[in-house]
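A short worksheet on the structure shown next.
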Amino acid sequence: MSRITPRDFVKDPDAVLPFGIDWTDWLVREGITSPSFSWQLPEGITSAEQSVQNIDGRTVAVAWISGGEHGRRYRVTCRVDDAATDKRDERSILIQVRER
Numbered sequence: 001m002s003r004i005t006p007r008d009f010v011k012d013p014d015a016v017l018p019f020g021i022d023w024t025d026w027l028v029r030e031g032i033t034s035p036s037f038s039w040q041l042p043e044g045i046t047s048a049e050q051s052v053q054n055i056d057g058r059t060v061a062v063a064w065i066s067g068g069e070h071g072r073r074y075r076v077t078c079r080v081d082d083a084a085t086d087k088r089d090e091r092s093i094l095i096q097v098r099e100r
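Take the sequence shown: its position 99, counted from the start at 1, is 99 in UniProt numbering, and no numbers get skipped.
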């Protein structure tokens, strides 16, 4: 069995950068048309803005992430819920904070 791991990204502690998760394939496969998205961030980093964007016909949940302590790695999770079908899922990314 293969092991699926979240993807690692790098950001500077002073940078404010967008991080996105493409939900298109899951939404289509599950037949979800009215999803709601939320982000869970660990202590030490924050999100100034969260949105859902249509990028080249794909549904991407985006969070603008700031902060973080140099040398730390943070797991950031995006959750999607569909109240109509009671379906939910989540995806995580790992953000390594380093001076750049």
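Glycine residues also receive a C-beta, built at the ideal position from the N, C-alpha and C atoms.
Checklist entry - Under a three-way DSSP split, which group does residue 99 fall into? => result coil
Item to check | Euclidean distance between Cα positions of residue 95 and residue 16 | outcome: 12 Å
Checklist entry - Secondary structure at residue 27, three-state DSSP: helix, strand or coil? => result helix
Checklist entry - Is the Cβ-Cβ distance between residue 39 and residue 76 less than 8 Å? => result yes
Checklist entry - beta strand (DSSP E) containing residue 83: first to last residue? => result Segment: none, residue 83 is in no beta strand (DSSP E) and carries neither H nor E.
Item to check | Start and end residues, beta strand (DSSP E) containing residue 46 | outcome: 45 to 55
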